[in-house]
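Everything below concerns the one structure shown next.
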Amino acid sequence: MIVPNGSTLLFWLDDASCKFNYNGYFNYDRCGWVTIDVNGPKNPNKFGIDIYVFYIMEDAVKPLAYEYLVEYLQNGDCTPDSNGYSCSSIYVLK
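Here it is in C-alpha cells:
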C-alpha cells in the first residue's frame with residue numbers, strides 16, 4: 337500500500353489467532369507484521385535506513401527484534417556495516 341506521503345507499507349498476516357509458531361522455534365503472541373519503507377521506491381531501500389519492520393501483536397505494535405534489543409545494542413547491530421533489521425527497535429527507544 338502506498339500512502340499519500342509516498343511511504344510504502346506491506347502487511348503480512350501470520351496467524352489470525354495471533355499464536356505464531358515457526359517450526360516450534362519461535363512462539364509469539366503475534367498476528368503478523370508490517371514493513372514500512374519511509375520513502376517508498378526511492379533509494380537506498382535498506383533495513384534500518386529507510387525500511388523498518390514491526391510486529392503486529394494482539395494488543396500492541398512492537399518493533400522487530402524487540403525481545404533481543406539489549407543483545408543487539410551491545411553487539412552494535414544497528415551500524416552501517418550491519419543488516420539493520422533491529423534498527424527499528426533501537427530508533428523507537430530513542
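Position one of the sequence shown corresponds to residue 337 (my numbering), numbered consecutively onward. Just so it is clear, CB atoms sit at the ideal spot from N, CA and C, and this is done for glycine as well.
Report the three-state DSSP secondary structure of residue i (helix, strand or coil).
i: residue 388; result: strand
i: residue 354; result: coil
i: residue 414; result: coil
Can residue i and residue j be called in contact, C-beta distance under 8 Å?
i: residue 382; j: residue 342; result: no
i: residue 392; j: residue 369; result: yes
i: residue 345; j: residue 367; result: no
i: residue 390; j: residue 418; result: no
Could you check whether the Cβ of residue i sits closer than 7 Å to any heavy atom belonging to the ligand NAD?
i: residue 399; result: What this structure holds is no ligand at all, so the ligand NAD is not there to describe.
In this structure, what does DSSP give as the bridge partners for residue i?
i: residue 373; result: 344 and 387
i: residue 349; result: 368
Could you check where the beta strand (DSSP E) with residue i kicks off and where it finishes?
i: residue 382; result: Counting along the chain, residue 382 falls outside any beta strand (DSSP E), and DSSP gives it neither H nor E.
Can you list, in chain order, the residues of its chain whose CB lies under 6 Å from that of residue i, leaving out five sequence neighbours each side?
i: residue 347; result: 370
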